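Novice:
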Amino acid sequence: MLSQRVRELPESATLAMARKATELKQKGVDIISMSLGEPDFGAPEFLKEAAIQAIHEGHSHYPPVPGYLDLRETICEKLKRDNNLEYSANEVVVSTGAKQSIANLILATINPGDEVILPAPFWVSYYDVIKFAGGVPVILNTDISTHFKITVEQLRDAFSSKTKLFLFSNPCNPSGSVYSEGELRELAKEFVKYPEVMIVSDEIYEYITFNEQNFSIGSIPELKKNVITINGLSKAYAVTGWRLGYLAAPEEIAKACSKIQSQFTSGANAITQRVAVAALKAGKEKVSYMRETFLKRRDHLISEIAKNIPVMKTNVPDGAFYLFPDVSAFLKGKISNTNDLCQYLLEKAHVAATPGEAFGCPRNIRLSYALNEQQISEAVNRMAQALKEL
Ligand code: PMP
Ligand code: GLU
């Protein structure tokens, strides 16, 4: 009955683990969820007010497929202000979450057999949607020793006559690593040799960085025509359920994404689009408390793991709200991979974590620290106890 295409498509690993955790919670099990990547903060008050105002103003009709013009103009102002990127409104498409922007883009550009270079760890949906479109992911492996960043040599070796896209998130989900301006400029020297290859820069964690400001690879003038920038409200403004993402791309690609969207979903939710105008005009100042809180939690989680589970090797991420520790010391006996390990931690410690396999890194697990410090301590204690029993 089902299509080949859907039979080969796995459920999103992040959402699958979140589902399992919710099912157990509903049965009354006291689960601490470190699996789902979403801020635990409520929506900021000024955005709730913008949503209510949008309802009263009567925004109840179909919005234009690529998004309201004033929102697209506001996105262009934001990209100029924060990222030094020059786009015009006809190069922007607003979607139902950055997830849809990514899916639109992949479906708009990938023919069966086309290659997409993916540094691992990669966000789960990149890999699965590329496969769904018939594309071939070309994985560049990294590990904790290099902060999960690729080298120029790795990139140089990955190009082929079939390469269509290079796709990465910066800051990275799941490692939290952030490529600096200098590192991106070094990679750019390779990209300029392949003007037919598009670079997709997913900057959805842009406002959650702990050191220098995020640098957008699209602001390097030689690459301007080759970069597609993706962003959205979910993480920056803690409104994952309001579903708003966008991409900025050369007009031909933006138009193609809009055409796909016109067949699948139409324009994104009108109320959320009005909220987005308020959010993007306000910028990052009104939500800087989230970044400060995440930084404290990051340090707390790292120190709790160092004290209680010293064999778990942790990275020190510069952004997002994930830790991506190397757990290879525990992959032995009845635990043969990180899927087994996460299942064990869920059943034994009642802590939900996401297996690294799904992100292309089978030695690691992802721990989201979008939790308060007390919950973080409790989760680490529970994991420490369970891991001792292995
Ligand atoms: N990109 C990355 C790297 C993500 O972690 C996520 C998950 N939120 C998304 C895109 C999709 O975000 P959304 O659809 O909620 O805008
Ligand atoms: N992006 C988040 C995560 O990585 C939310 C889940 C999803 O969109 O797949 O967990």
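Here this note's numbering is used: the first residue of the sequence shown is -9, the next is one more, and so on.
No residue lacks a Cβ here, since even glycine has one placed at the ideal position from N, Cα and C.
From a predicted model like this one, the values you see are computed outputs, not experimental measurements.
Within the continuous beta strand (DSSP E) that includes K154, where are the two ends?
Specialist: K154 -> beta strand (DSSP E) spans 153 to 159.
Novice: Is V82 buried or exposed, if buried means 16 or more other CB atoms sit within 10 Å of its CB?
Specialist: Buried, by the Cβ-count rule.
Novice: How many angstroms separate the CA atom of G346 from the CA atom of D104?
Specialist: Each residue's Cα considered, the two are about 25 Å apart.
Novice: Is it right to say S78 is buried, meaning 16 or more other beta carbons lie within 10 angstroms of its own, or is it exposed?
Specialist: The residue is exposed, with fewer than 16 neighbouring Cβ atoms inside 10 Å.
Novice: Indicate the three-state DSSP secondary structure (helix, strand or coil) for A93 in the structure shown.
Specialist: Looking at A93 - three-state DSSP - the assignment turns out to be helix.
Novice: Between which residues of its own chain and F31 is the CB-CB distance below 7 Å, once the five residues before and five after are set aside?
Specialist: The residues are A228, M280.
Novice: Kindly indicate which three-state DSSP category Y227 falls into: helix, strand or coil?
Specialist: Y227 falls in the coil class under three-state DSSP.
Novice: Let me check one thing: in DSSP terms, what residues is M24 bridge-paired to?
Specialist: According to DSSP, which records beta bridges pairwise, M24 is partnered with nothing at all.
Novice: Flag this pair as touching only if the stretch 309 to 329 and the stretch 162 to 172 have three or more C-beta atom pairs under 8 Å; answer yes or no.
Specialist: Because the criterion of three Cβ pairs below 8 Å is met, the stretch 309 to 329 and the stretch 162 to 172 touch.
Novice: Looking at the unbroken alpha helix (DSSP H) that takes in G346, where does it start and where does it end?
Specialist: No alpha helix (DSSP H) holds G346; DSSP gives it neither H nor E.
Novice: Give a yes or no on whether the C-beta atoms belonging to V267 and D60 are separated by under 8 Å.
Specialist: Cβ distance < 8 Å, so V267 and D60 count as in contact.
Novice: Give me the pocket residues for ligand 1, defined as CB within less than 6 Å of any heavy atom, sorted by chain position.
Specialist: Result (chain order): G27, G87, A88, K89, W113, S159, N163, D192, I194, G222, S224, T230, G235.
Novice: DSSP beta-bridge partners for S191?
Specialist: DSSP output for S191 lists F158, T219 as bridge partner(s).
Novice: Would I21 pass as a contact of A360 if the rule is Cβ separation under 8 Å?
Specialist: No.
Novice: Measuring CA to CA, which of I210, Q263, I218, P109 is closest to L234?
Specialist: L234 has its Cα closest to that of Q263, out of I210, Q263, I218, P109.
Novice: Where does P34 fall in DSSP's three states?
Specialist: Looking at P34 - three-state DSSP - the assignment turns out to be coil, as it is neither helix nor strand.
Novice: Helix or strand or just coil, what does DSSP make of T199?
Specialist: T199: strand per DSSP, three-state reduction.
Novice: What residue does the beta strand (DSSP E) around S85 start on, and which one ends it?
Specialist: Per DSSP, S85 belongs to the beta strand (DSSP E) from 82 to 85.
Novice: Which full runs of the beta strand (DSSP E) of 3+ residues lie inside the stretch 99 to 138, going along the chain?
Specialist: You should have 105 to 109, 126 to 130.
Novice: Return the first residue and the last residue of the beta strand (DSSP E) that I210 is part of.
Specialist: It is not in any beta strand (DSSP E) - I210 carries neither H nor E in the DSSP assignment.
Novice: Beta-carbon separation of K271 and T64 under 8 Å?
Specialist: Contact: yes.
Novice: Give me whichever residues DSSP pairs with L270 in a beta bridge.
Specialist: DSSP output for L270 lists no bridge partner at all.
Novice: Name the two residues that bound the continuous alpha helix (DSSP H) containing I65.
Specialist: It spans 59 to 73 - the alpha helix (DSSP H) in which I65 sits, taken as one unbroken run.
Novice: Give a yes or no on contact between the stretch 291 to 309 and the stretch 171 to 186, applying the rule of three or more CB pairs nearer than 8 Å.
Specialist: At 8 Å Cβ cutoff, the stretches do not touch.
Novice: With burial defined as no fewer than 16 other Cβ atoms inside 10 Å of the residue's Cβ, what is the status of F254: buried or exposed?
Specialist: That one is exposed.
Novice: Would you decide whether D147 is buried or exposed? Buried here means 16 or more other CB atoms lie within 10 Å of its CB.
Specialist: Answer is exposed; the Cβ neighbour count stays below 16.
Novice: What does the Cβ neighbour count give for L237, buried or exposed, with the cut at 16 atoms within 10 Å?
Specialist: Buried, by the Cβ-count rule.
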